[in-house]
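Okay, so here's the structure we're looking at.
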Amino acid sequence: MTRAIVFPGQGSQAIGMGKELYETFPIAKEVFQTVDDVLGQKLSCLMFEGPIEDLTLTANTQPALMAVSLAVMRVLEKEGGIDPTYFSLAAGHSLGEYSALAATKAITLEEATKLLRIRGNAMQSAVPQGKGAMVAVIGADLETLGKIIKDASSYGLCVMANDNSPGQVVLSGEKVAIEKVPEIAQNYGIRKCVILPVSAPFHCPLMAPAADAMKEALAPVAFKDPLIPIIPNVTAEIEKQGEVFKDLLVQQVTGQVRWRETMTTMVQEGITHVYEIGVGKVLSGLFKRGAENIIATSIHTPHDVEEFLKTK
7 MTRAIVFPGQ
17 GSQAIGMGKE
27 LYETFPIAKE
37 VFQTVDDVLG
47 QKLSCLMFEG
57 PIEDLTLTAN
67 TQPALMAVSL
77 AVMRVLEKEG
87 GIDPTYFSLA
97 AGHSLGEYSA
107 LAATKAITLE
117 EATKLLRIRG
127 NAMQSAVPQG
137 KGAMVAVIGA
147 DLETLGKIIK
157 DASSYGLCVM
167 ANDNSPGQVV
177 LSGEKVAIEK
187 VPEIAQNYGI
197 RKCVILPVSA
207 PFHCPLMAPA
217 ADAMKEALAP
227 VAFKDPLIPI
237 IPNVTAEIEK
247 QGEVFKDLLV
257 QQVTGQVRWR
267 ETMTTMVQEG
277 ITHVYEIGVG
287 KVLSGLFKRG
297 AENIIATSIH
307 TPHDVEEFLK
317 TK
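Count along the sequence shown from 1, add 6, and you get the number used in the working numbering.
Given below as C-alpha coordinates:
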(Lines of atoms letter the chains of each structure in order from A and count residues from 1; the text may use other names and numbers.)
(Lines give C-alpha, C1' and ligand atoms only; values in the text may rest on other atoms or scores of the structure.)
Protein backbone atom coordinates (compact mmCIF):
# COMPACT_ATOMS: atom_id res chain seq x y z
CA MET A 1 0.00 0.00 0.00
CA THR A 2 1.35 3.40 -1.04
CA ARG A 3 -0.57 6.36 0.36
CA ALA A 4 -1.08 10.03 -0.48
CA ILE A 5 -2.96 12.87 1.21
CA VAL A 6 -4.93 15.55 -0.62
CA PHE A 7 -6.58 18.72 0.65
CA PRO A 8 -9.84 20.24 -0.66
CA GLY A 9 -10.38 23.67 -2.12
CA GLN A 10 -13.13 26.23 -2.19
CA GLY A 11 -16.65 24.91 -2.71
CA SER A 12 -16.47 22.21 -0.03
CA GLN A 13 -17.46 24.55 2.81
CA ALA A 14 -20.64 23.93 4.85
CA ILE A 15 -22.09 25.18 8.11
CA GLY A 16 -21.02 22.91 10.96
CA MET A 17 -17.76 21.87 9.36
CA GLY A 18 -15.18 20.87 11.94
CA LYS A 19 -17.60 21.19 14.87
CA GLU A 20 -17.50 17.50 15.82
CA LEU A 21 -13.70 17.55 15.73
CA TYR A 22 -13.69 20.66 17.93
CA GLU A 23 -16.00 19.06 20.48
CA THR A 24 -14.27 15.66 20.49
CA PHE A 25 -10.54 16.34 20.37
CA PRO A 26 -8.70 19.01 22.43
CA ILE A 27 -5.92 19.13 19.82
CA ALA A 28 -8.48 20.09 17.15
CA LYS A 29 -9.84 22.80 19.42
CA GLU A 30 -6.31 24.18 19.69
CA VAL A 31 -6.07 24.46 15.91
CA PHE A 32 -9.34 26.37 15.63
CA GLN A 33 -8.36 28.63 18.53
CA THR A 34 -5.01 29.40 16.89
CA VAL A 35 -6.73 30.38 13.64
CA ASP A 36 -9.21 32.57 15.55
CA ASP A 37 -6.36 34.26 17.41
CA VAL A 38 -4.30 34.92 14.28
CA LEU A 39 -7.28 36.44 12.46
CA GLY A 40 -8.61 38.31 15.48
CA GLN A 41 -11.99 36.85 14.57
CA LYS A 42 -14.19 34.02 15.88
CA LEU A 43 -13.98 32.21 12.56
CA SER A 44 -14.78 28.95 14.34
CA CYS A 45 -18.18 30.32 15.41
CA LEU A 46 -18.88 31.33 11.83
CA MET A 47 -17.92 27.84 10.66
CA PHE A 48 -20.10 26.10 13.23
CA GLU A 49 -23.13 28.41 13.23
CA GLY A 50 -23.10 30.51 10.06
CA PRO A 51 -24.55 32.45 8.41
CA ILE A 52 -23.57 30.69 5.20
CA GLU A 53 -23.43 34.02 3.32
CA ASP A 54 -20.52 35.11 5.51
CA LEU A 55 -18.80 31.73 5.45
CA THR A 56 -18.81 31.69 1.65
CA LEU A 57 -16.98 35.01 1.48
CA THR A 58 -13.63 34.03 0.00
CA ALA A 59 -11.63 35.69 2.79
CA ASN A 60 -13.42 33.45 5.33
CA THR A 61 -13.78 30.26 3.30
CA GLN A 62 -10.09 29.84 2.58
CA PRO A 63 -8.69 29.88 6.15
CA ALA A 64 -11.76 27.95 7.37
CA LEU A 65 -11.20 25.02 5.04
CA MET A 66 -7.50 24.99 5.86
CA ALA A 67 -8.30 24.97 9.60
CA VAL A 68 -10.43 21.83 9.31
CA SER A 69 -7.76 20.05 7.26
CA LEU A 70 -5.05 20.91 9.77
CA ALA A 71 -7.29 19.91 12.68
CA VAL A 72 -7.72 16.46 11.11
CA MET A 73 -3.97 16.11 10.61
CA ARG A 74 -3.21 17.09 14.21
CA VAL A 75 -5.83 14.62 15.47
CA LEU A 76 -4.33 11.79 13.41
CA GLU A 77 -0.91 12.59 14.84
CA LYS A 78 -2.14 12.85 18.44
CA GLU A 79 -4.54 9.89 18.41
CA GLY A 80 -2.71 7.53 16.09
CA GLY A 81 0.90 8.64 15.97
CA ILE A 82 0.53 9.36 12.26
CA ASP A 83 2.66 12.22 10.98
CA PRO A 84 2.93 13.23 7.31
CA THR A 85 5.75 10.74 6.68
CA TYR A 86 3.18 7.94 6.98
CA PHE A 87 2.22 9.06 3.46
CA SER A 88 4.33 9.26 0.30
CA LEU A 89 2.92 12.31 -1.45
CA ALA A 90 0.67 15.32 -0.82
CA ALA A 91 -1.33 17.70 -2.97
CA GLY A 92 -4.03 20.32 -2.51
CA HIS A 93 -6.64 21.78 -4.82
CA SER A 94 -6.11 25.55 -5.14
CA LEU A 95 -6.21 26.89 -1.55
CA GLY A 96 -5.70 23.26 -0.49
CA GLU A 97 -2.08 23.63 -1.56
CA TYR A 98 -1.58 25.90 1.46
CA SER A 99 -3.15 23.20 3.63
CA ALA A 100 -0.71 20.68 2.14
CA LEU A 101 2.24 22.96 2.87
CA ALA A 102 1.14 23.50 6.48
CA ALA A 103 0.36 19.81 7.00
CA THR A 104 3.83 18.81 5.79
CA LYS A 105 5.50 21.47 7.98
CA ALA A 106 6.79 23.60 5.10
CA ILE A 107 4.97 26.57 6.66
CA THR A 108 3.32 26.99 10.04
CA LEU A 109 -0.40 26.99 10.78
CA GLU A 110 -0.10 30.67 11.68
CA GLU A 111 1.61 31.51 8.38
CA ALA A 112 -0.97 29.58 6.37
CA THR A 113 -3.78 31.40 8.16
CA LYS A 114 -2.33 34.86 7.47
CA LEU A 115 -1.56 34.04 3.84
CA LEU A 116 -5.02 32.67 3.12
CA ARG A 117 -6.73 35.71 4.60
CA ILE A 118 -4.59 37.93 2.36
CA ARG A 119 -5.21 35.63 -0.61
CA GLY A 120 -8.96 35.59 -0.07
CA ASN A 121 -9.20 39.37 0.22
CA ALA A 122 -6.94 39.90 -2.79
CA MET A 123 -8.85 37.46 -5.00
CA GLN A 124 -12.18 38.97 -3.97
CA SER A 125 -11.12 42.52 -4.79
CA ALA A 126 -9.13 41.78 -7.98
CA VAL A 127 -12.16 41.98 -10.26
CA PRO A 128 -15.21 44.28 -9.87
CA GLN A 129 -18.35 42.44 -8.78
CA GLY A 130 -20.30 41.10 -11.74
CA LYS A 131 -17.44 41.38 -14.24
CA GLY A 132 -16.17 37.82 -13.99
CA ALA A 133 -17.65 34.31 -13.82
CA MET A 134 -16.83 30.59 -13.91
CA VAL A 135 -18.58 27.66 -15.57
CA ALA A 136 -18.17 23.90 -15.24
CA VAL A 137 -18.28 21.97 -18.52
CA ILE A 138 -19.20 18.32 -18.11
CA GLY A 139 -18.51 15.57 -20.62
CA ALA A 140 -16.26 17.33 -23.12
CA ASP A 141 -12.89 16.01 -24.27
CA LEU A 142 -9.94 18.37 -24.44
CA GLU A 143 -10.20 18.85 -28.22
CA THR A 144 -13.85 19.89 -27.94
CA LEU A 145 -13.04 22.16 -25.00
CA GLY A 146 -10.45 23.92 -27.10
CA LYS A 147 -13.12 24.72 -29.69
CA ILE A 148 -15.57 25.93 -27.03
CA ILE A 149 -12.92 28.17 -25.47
CA LYS A 150 -11.95 29.59 -28.88
CA ASP A 151 -15.56 30.43 -29.73
CA ALA A 152 -16.30 31.94 -26.30
CA SER A 153 -13.12 34.02 -26.47
CA SER A 154 -14.62 36.04 -29.31
CA TYR A 155 -16.89 37.60 -26.65
CA GLY A 156 -14.19 38.17 -24.00
CA LEU A 157 -11.58 36.41 -21.90
CA CYS A 158 -12.23 32.67 -21.43
CA VAL A 159 -9.58 30.22 -20.21
CA MET A 160 -9.38 26.81 -18.58
CA ALA A 161 -9.13 27.34 -14.81
CA ASN A 162 -9.47 23.83 -13.39
CA ASP A 163 -8.67 20.70 -15.37
CA ASN A 164 -10.25 18.52 -12.70
CA SER A 165 -10.71 15.13 -14.31
CA PRO A 166 -11.55 13.58 -17.68
CA GLY A 167 -14.88 15.12 -18.59
CA GLN A 168 -14.95 17.78 -15.86
CA VAL A 169 -13.33 21.14 -16.52
CA VAL A 170 -13.98 24.64 -15.17
CA LEU A 171 -13.60 27.71 -17.38
CA SER A 172 -13.02 31.20 -16.01
CA GLY A 173 -12.98 34.72 -17.38
CA GLU A 174 -15.14 37.68 -18.26
CA LYS A 175 -18.81 37.19 -17.46
CA VAL A 176 -19.95 38.14 -20.96
CA ALA A 177 -17.88 35.29 -22.42
CA ILE A 178 -18.49 32.70 -19.70
CA GLU A 179 -22.25 33.10 -19.93
CA LYS A 180 -22.06 32.19 -23.63
CA VAL A 181 -20.36 28.86 -22.91
CA PRO A 182 -23.50 26.73 -22.29
CA GLU A 183 -24.99 27.88 -25.62
CA ILE A 184 -21.70 27.34 -27.48
CA ALA A 185 -21.18 23.93 -25.87
CA GLN A 186 -24.54 22.72 -27.19
CA ASN A 187 -23.25 23.33 -30.70
CA TYR A 188 -20.64 20.67 -30.00
CA GLY A 189 -23.05 18.19 -28.42
CA ILE A 190 -22.18 19.06 -24.82
CA ARG A 191 -25.41 19.21 -22.85
CA LYS A 192 -24.28 19.94 -19.31
CA CYS A 193 -22.71 23.22 -18.25
CA VAL A 194 -23.13 24.79 -14.83
CA ILE A 195 -22.46 28.46 -14.09
CA LEU A 196 -20.75 28.33 -10.68
CA PRO A 197 -21.95 30.42 -7.72
CA VAL A 198 -18.57 32.06 -7.11
CA SER A 199 -17.79 35.66 -6.29
CA ALA A 200 -14.83 36.05 -8.65
CA PRO A 201 -13.22 34.44 -11.74
CA PHE A 202 -10.45 32.44 -10.08
CA HIS A 203 -7.37 31.03 -11.84
CA CYS A 204 -7.41 33.30 -14.85
CA PRO A 205 -5.44 36.40 -15.96
CA LEU A 206 -8.05 38.70 -14.40
CA MET A 207 -6.57 37.66 -11.04
CA ALA A 208 -3.26 39.42 -11.82
CA PRO A 209 -3.72 42.04 -9.04
CA ALA A 210 -4.18 39.18 -6.53
CA ALA A 211 -1.02 37.50 -7.82
CA ASP A 212 0.89 40.73 -7.18
CA ALA A 213 -0.51 40.86 -3.64
CA MET A 214 0.53 37.26 -2.97
CA LYS A 215 4.04 37.86 -4.31
CA GLU A 216 4.45 40.59 -1.72
CA ALA A 217 2.87 38.51 1.07
CA LEU A 218 4.93 35.41 0.33
CA ALA A 219 8.29 37.20 0.01
CA PRO A 220 9.16 37.28 3.75
CA VAL A 221 7.93 33.74 4.50
CA ALA A 222 10.70 31.21 5.18
CA PHE A 223 9.57 27.96 3.57
CA LYS A 224 11.08 24.74 4.87
CA ASP A 225 11.31 21.63 2.74
CA PRO A 226 8.08 19.64 3.22
CA LEU A 227 8.36 16.37 5.14
CA ILE A 228 7.02 14.59 2.05
CA PRO A 229 6.99 15.74 -1.59
CA ILE A 230 4.06 17.88 -2.80
CA ILE A 231 2.58 18.02 -6.29
CA PRO A 232 1.93 21.71 -7.10
CA ASN A 233 -1.18 22.75 -9.03
CA VAL A 234 0.60 24.66 -11.77
CA THR A 235 3.13 21.97 -12.76
CA ALA A 236 1.57 18.67 -11.57
CA GLU A 237 5.14 17.46 -11.01
CA ILE A 238 6.68 16.26 -7.76
CA GLU A 239 8.40 18.99 -5.76
CA LYS A 240 10.61 18.43 -2.71
CA GLN A 241 11.97 21.94 -2.10
CA GLY A 242 9.90 24.34 -0.02
CA GLU A 243 11.36 27.61 -1.31
CA VAL A 244 10.13 27.04 -4.87
CA PHE A 245 6.55 27.35 -3.60
CA LYS A 246 7.01 31.11 -3.20
CA ASP A 247 6.89 31.41 -6.97
CA LEU A 248 4.53 28.48 -7.58
CA LEU A 249 1.86 29.93 -5.27
CA VAL A 250 2.05 33.26 -7.10
CA GLN A 251 1.66 31.49 -10.45
CA GLN A 252 -1.25 29.50 -9.04
CA VAL A 253 -3.43 32.61 -8.58
CA THR A 254 -3.74 33.19 -12.33
CA GLY A 255 -2.70 29.71 -13.49
CA GLN A 256 -4.54 26.51 -14.20
CA VAL A 257 -5.18 23.89 -11.50
CA ARG A 258 -3.87 20.75 -13.22
CA TRP A 259 -5.72 18.23 -11.07
CA ARG A 260 -6.19 15.61 -13.80
CA GLU A 261 -2.43 15.59 -14.34
CA THR A 262 -1.88 15.53 -10.58
CA MET A 263 -3.89 12.31 -10.38
CA THR A 264 -1.92 10.89 -13.31
CA THR A 265 1.34 11.68 -11.50
CA MET A 266 0.08 9.82 -8.43
CA VAL A 267 -0.82 6.80 -10.55
CA GLN A 268 2.65 6.86 -12.13
CA GLU A 269 4.24 7.03 -8.67
CA GLY A 270 2.40 3.88 -7.61
CA ILE A 271 -0.06 5.49 -5.19
CA THR A 272 -2.78 2.98 -4.29
CA HIS A 273 -4.70 4.84 -1.55
CA VAL A 274 -5.56 8.54 -1.33
CA TYR A 275 -6.99 10.22 1.76
CA GLU A 276 -8.88 13.48 1.39
CA ILE A 277 -8.12 15.41 4.57
CA GLY A 278 -10.83 17.91 5.43
CA VAL A 279 -14.33 18.90 4.42
CA GLY A 280 -16.32 17.07 1.77
CA LYS A 281 -15.65 14.39 -0.82
CA VAL A 282 -15.05 16.43 -3.95
CA LEU A 283 -11.50 15.25 -4.52
CA SER A 284 -12.38 11.65 -3.64
CA GLY A 285 -15.04 11.82 -6.34
CA LEU A 286 -12.52 13.12 -8.87
CA PHE A 287 -10.18 10.22 -8.11
CA LYS A 288 -13.02 7.73 -8.56
CA ARG A 289 -13.68 9.16 -12.04
CA GLY A 290 -10.14 10.00 -13.09
CA ALA A 291 -7.90 7.44 -11.36
CA GLU A 292 -10.01 4.35 -10.91
CA ASN A 293 -7.15 2.16 -9.62
CA ILE A 294 -6.63 4.44 -6.62
CA ILE A 295 -8.89 3.92 -3.61
CA ALA A 296 -10.01 7.35 -2.33
CA THR A 297 -11.33 7.96 1.19
CA SER A 298 -12.31 11.19 2.95
CA ILE A 299 -11.39 11.93 6.58
CA HIS A 300 -13.36 14.73 8.20
CA THR A 301 -15.38 13.56 11.21
CA PRO A 302 -14.35 11.78 14.44
CA HIS A 303 -15.96 8.64 12.98
CA ASP A 304 -13.78 8.97 9.85
CA VAL A 305 -10.71 9.30 12.06
CA GLU A 306 -11.68 6.22 14.07
CA GLU A 307 -12.26 4.13 10.95
CA PHE A 308 -8.96 5.23 9.43
CA LEU A 309 -6.96 4.46 12.56
CA LYS A 310 -8.37 0.92 12.54
CA THR A 311 -6.71 0.31 9.19
CA LYS A 312 -3.29 1.84 9.80
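Ideal Cβ placement from N, Cα and C applies to all residues, glycine included.
Spatial neighbours of residue i in its chain, beta-carbon cut-off 7 Å, leaving aside the 5 residues before and after
i	result
residue 157	190
residue 22	54
residue 310	304
Among the options, the one whose alpha carbon lies nearest that of residue i
i	options	result
residue 125	28, 65, 154 and 275	65
residue 259	22, 225, 219 and 186	219
residue 140	98, 9, 301 and 165	165
residue 18	311, 286 and 303	286
residue 316	212, 28, 13 and 86	86
residue 255	294, 106, 53 and 84	106
residue 135	27, 205, 253 and 152	205
residue 51	24, 75 and 76	24
residue 243	176, 207 and 268	268
residue 61	236, 16 and 217	16
residue 79	251, 13, 270 and 198	13
residue 247	214, 112 and 121	112
residue 29	318, 307 and 131	307
residue 170	240, 215 and 117	240
residue 73	177, 115 and 155	115
residue 63	253, 290, 122 and 221	122
residue 131	217, 152, 270 and 71	217
residue 222	257, 70 and 37	257
residue 104	39, 252 and 186	252
residue 213	102, 249, 275 and 137	137
residue 188	47, 154, 249 and 318	154
residue 203	31, 47, 59 and 38	59
Contacts around residue i, its chain only, beta-carbon distance under 8 Å, and the 5 residues preceding and following it disregarded
i	result
residue 182	161 and 162
residue 273	297, 299 and 300
residue 7	278 and 279
Bridge partner(s) assigned by DSSP for residue i
i	result
residue 95	10
residue 281	11 and 303
residue 140	178
residue 263	168
Contact test: residue i Cβ vs the ligand ATP heavy atom, cutoff 7 Å
i	result
residue 107	The model on display carries no ligand, and the ligand ATP is accordingly not part of it.
Neighbourhood of residue i by C-beta, 6 Å cutoff - its chain only, sequence neighbours within 5 removed
i	result
residue 27	34 and 77
residue 281	11, 303 and 305
residue 82	88
residue 96	11, 106, 110, 234 and 236
residue 314	305
residue 173	145
residue 200	142
residue 84	33
residue 147	none
residue 211	260
residue 119	41, 44 and 69
| query | Which ranges would you report for the beta strand (DSSP E) in the segment 158–245 if only whole runs of at least 3 residues count? | reply | Restricting attention to beta strand (DSSP E) runs no shorter than 3 residues, the segment 158–245 encloses them at 164–171, 174–180 and 198–201, ordered along the chain.
| task | May I ask you to verify whether the segment 263–270 touches the segment 125–139, counting CB pairs closer than 8 Å and requiring at least 3? | result | Taking 8 Å as the limit for Cβ pairs, the verdict is that the segment 125–139 does not touch the segment 263–270.
| Can at least three beta-carbon pairs, one atom from the segment 42–59 and one from the segment 80–98, be found at a separation below 8 Å? | Output reads no: the segment 80–98 does not touch the segment 42–59.
| Meets three-Cβ-pair contact criterion under 8 Å: the segment 173–187 and the segment 216–232 | Touching, no.
| Ranges of the beta strand (DSSP E) found wholly within the segment 56–131, counting only runs of at least 3 | List check, beta strand (DSSP E) in window: 95–98.
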